[in-house]
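Notes follow once the structure below has been shown.
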Amino acid sequence: MDRPSLFDQQRRRRAADNTARANHQCRPGHRHSPFHSDDWREDCAPRRVLDLFATKWTSMVLHTLDARHEGGARTGVLHRSLPGISKKMLTQTLRDMETSGLILRDVLATMPPAVEYRLTPLGRRFVEPVNLLYDWGRTNADALDAFGPGPAPRRSAKRPKTD
1123 MDRPSLFDQQ RRRRAADNTA RANHQCRPGH RHSPFHSDDW REDCAPRRVL DLFATKWTSM
1183 VLHTLDARHE GGARTGVLHR SLPGISKKML TQTLRDMETS GLILRDVLAT MPPAVEYRLT
1243 PLGRRFVEPV NLLYDWGRTN ADALDAFGPG PAPRRSAKRP KTD
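The sequence shown begins at 1123 in the working numbering and counts up one residue at a time.
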């Protein structure tokens, strides 16, 4: 029997830690209110959810998997579906999402080997509010346009060559 690699062992430990944190509530019987300081502790569930939403590509990958690919897609398909994301950023985002329990990574037994990412039940629940935000954006596009254009595209950090 093959031993799991160090990377797999670390990933499993992180996933177990995330599961333990997900089962942690701020305080037993605590009623969440916008004014309670416990809601914003680093390990508190509401803050961890907001941290996931604050990650630009996480919500976009979730929405893309759900809306365009019926919950699952290969890496290359996702990359083509998300203009502006680098391969490195997509890989990092997918790893983070897997560690968070939002997606599963499935290595397909094909030649050459391929990897497909699928939403987990937790990912399917988490994508619901993400989709609501996308719908809100479409409904309120005029109001958003009043704020001006979205963020400017990033410029390459390459410097001109000097002779």
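C-beta: ideal position from N, C-alpha, C; glycine also.
Taking a contact as a CB-CB distance under 8 Å, the pair Leu1224 and Leu1184 counts as one, their CB atoms being some 7 Å apart. With fewer than 16 other beta carbons inside 10 angstroms of its own, Met1233 counts as exposed.
With a beta-carbon spacing of about 17 Å, Leu1200 and Tyr1256 fall beyond the 8 Å limit used to define contacts. In the DSSP assignment, Ile1207 is bridged to no other residue. Looking at the DSSP output, Ala1236 bridges to Leu1230.
The beta carbons of Leu1204 and Thr1186 sit closer together than 8 Å. Take Ala1236, set aside five residues on each side of it, and the residues of its chain with a beta-carbon closer than 6 Å to its own are Arg1196 and Leu1230, in chain order. In this structure, Leu1174 lies away from Ser1208, with their beta-carbon atoms at least 8 Å apart. Between Asp1188 and Leu1241, the C-beta gap is smaller than 8 Å, which places the two residues in contact. Where Gly1245 is concerned, the enclosing alpha helix (DSSP H) starts and stops at Pro1243 to Thr1261.
If you ignore the 5 residues before and after Gly1259, its C-beta comes within less than 7 Å of the C-beta of Leu1266, all in its own chain and listed in chain order. Buried is the label assigned to Phe1248, since at least 16 other Cβ atoms lie within 10 Å of its Cβ.
Distance from the Cα of Glu1192 is smallest, within the candidate group Arg1246, Arg1202, Ala1263 and Val1252, for Arg1246. Beta-bridge partners of Arg1196 (DSSP): Glu1238.
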